[in-house]
């Protein structure tokens, strides 16, 4: 190989590396751009009904790796998962759900104490949560809706006896595919799901 050809190849490799570096820098700059952050509000069950002095701790929800993020999941078909490119939740989705359940149950004023399992007093009961869906669904015709599905199990903390188990699912249509419209649809679904879940938990204690 002549010195001329070798020098030319080195120069080309250097140029390629430089371009790759510029591309990586551009990606980093794009990733560093802050995303709009959206939060969701609790929805308490009825304030009238049986009351309990029990201490309840809500465990961090189990969720798939695809759900365990602060990005807003989108399913366009049965298998493809993407995320809204310009929006995120205020926290990872499981932590958002945990906080919503705690605040919705507490909002009834019908329980001695309810909090996260990571802190708080020794509980009488624990609420185990599995998140099966917390996502945007795009139908073949282009309609946009949200789907939420959780599985709840109430367990006696002393002997680990299961006091009750139930699944809750709710969907709502979004007016369009913008993050504000999608967040409003999530809130509409939660406004139905959370009071029902809170009431069931209180009845199961």
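In the working numbering, the protein residues as written are 3 to 207. Where a beta carbon is used, it is the ideal one built from N, C-alpha and C, also for glycine. Bear in mind the structure is a predicted one, so any value in this text is a computation, not a measurement.
{"Item": "Need the endpoints of the beta strand (DSSP E) that residue 86 sits in, please.", "Value": "83-91"}
{"Item": "Go ahead and pull the three-state DSSP assignment for residue 185.", "Value": "helix"}
{"Item": "Extract the residue ranges of the beta strand (DSSP E) inside the region 104-143, only unbroken runs of 3 or more that lie entirely within it.", "Value": "113-118, 127-140"}
{"Item": "Grab the span of the beta strand (DSSP E) containing residue 166 for me, first residue to last.", "Value": "164-175"}
{"Item": "Quick check on residue 192: does DSSP put it in helix, strand or coil?", "Value": "helix"}
{"Item": "Among the residues of its own chain, which have a CB less than 6 Å from the CB of residue 179, if the five just before and after it don't count?", "Value": "146"}
{"Item": "So residue 64 is in the beta strand (DSSP E); what residue range does that whole segment cover?", "Value": "No beta strand (DSSP E) contains residue 64, which DSSP labels as neither H nor E."}
{"Item": "Near residue 190, which residues of its chain fall below 7 Å by C-beta distance, leaving aside the five closest residues on each side in sequence?", "Value": "174"}
{"Item": "Is residue 94 helix, strand or coil when you go by DSSP?", "Value": "coil"}
{"Item": "Using a Cβ-Cβ cut-off of 6 Å (strictly less than) and excluding sequence neighbours within five positions of residue 201, which residues of its own chain qualify?", "Value": "47"}
{"Item": "Is there contact between the region 86-106 and the region 70-77, where contact requires at least three CB pairs shorter than 8 Å?", "Value": "yes"}
{"Item": "Going by DSSP in three states, residue 55 sits in which element: helix, strand or coil?", "Value": "strand"}
{"Item": "Under 7 Å Cβ to Cβ from residue 45, same chain only, skipping five residues before and after it: list those, please.", "Value": "106, 192, 193, 196, 197"}
{"Item": "With 16 as the cutoff for other CB atoms within 10 Å, does residue 100 come out buried or exposed?", "Value": "buried"}
{"Item": "Quick check on this structure: which residue in 157, 160, 136, 127 has the alpha carbon closest to the alpha carbon of residue 151?", "Value": "136"}
{"Item": "Work out the CA separation of residue 97 and residue 116 for me, nearest whole Å.", "Value": "15 Å"}
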